[in-house]
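Here is the structure we will look at.
In the working numbering, the protein residues as written are 258 to 433.
Next comes the structure, spelled out in structure tokens:
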């Protein structure tokens, strides 16, 4: 019984670790840090919620099969232990695969944007802190082939295009 608890705890830990991975646009991977990214201005045409399928790397099935096989093999005598162990491995593998798939499933947004040159692009990204509405100015940030959509920063009146100097307001005429 104690071995079963340990094995089930191991399976739950694997599932929990698989759920920790993220594709959130608010999280930048270590490989993307200090890398030059391409930024393109765009406008949101539409956005809709979608679900990104969970992955099936085989890790969940392997962990479930191992746990089920070991739990089943501890039942009864030698002959029963073999049969129940095999059945436990099969059932555990199916359950482990389902757990991995459901824990890695993500709610996301499909965002349709129009670039300044008129081209349209669609980007699917995990839901994050920002919401996107038609007409919102956004930027597409591309790093190592991965694209994320972010709200465009608001330009201040002091900001000037690159290579130019901000102009100051005309001085008020002084009375003579």
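From the three backbone atoms N, C-alpha and C, an ideal C-beta is built for every residue, glycine too.
Taking 8 Å as the cut-off, the Cβ atoms of residue 304 and residue 389 count as close.
Counted as a single uninterrupted DSSP element, the stretch harbouring residue 360 is not any beta strand (DSSP E) but the alpha helix (DSSP H) occupying residues 335-360. With at least 16 other beta carbons inside 10 angstroms of its own, residue 328 counts as buried. If the five residues before and after residue 362 are omitted, its C-beta is found closer than 8 Å to the C-beta atoms of 308, 309, 310, 311, all from its own chain and listed in chain order. Looking at the DSSP output, residue 371 sits in a beta bridge with 300, 377.
Its Cα nearest to that of residue 352, the residue 322 stands out among 296, 337, 322. Boundaries cannot be given for residue 293, as no beta strand (DSSP E) includes it and DSSP labels it neither H nor E. Inter-segment contact for the segment 332-341 and the segment 392-405 is absent: fewer than three beta-carbon pairs are separated by less than 8 Å. Annotated as distal: residue 301 and residue 376, with beta-carbon spacing of 8 Å or more.
Distance from the CA of residue 314 to the CA of residue 356, rounded to the nearest whole angstrom, comes to 12 Å.
If you ignore the 5 residues before and after residue 369, its C-beta comes within less than 6 Å of the C-beta of 302, 303, 379, all in its own chain and listed in chain order. The C-beta separation of residue 299 from residue 371 comes to about 6 Å, placing the pair in contact by the 8 Å criterion. In the displayed model, residue 365 falls within a strand according to three-state DSSP.
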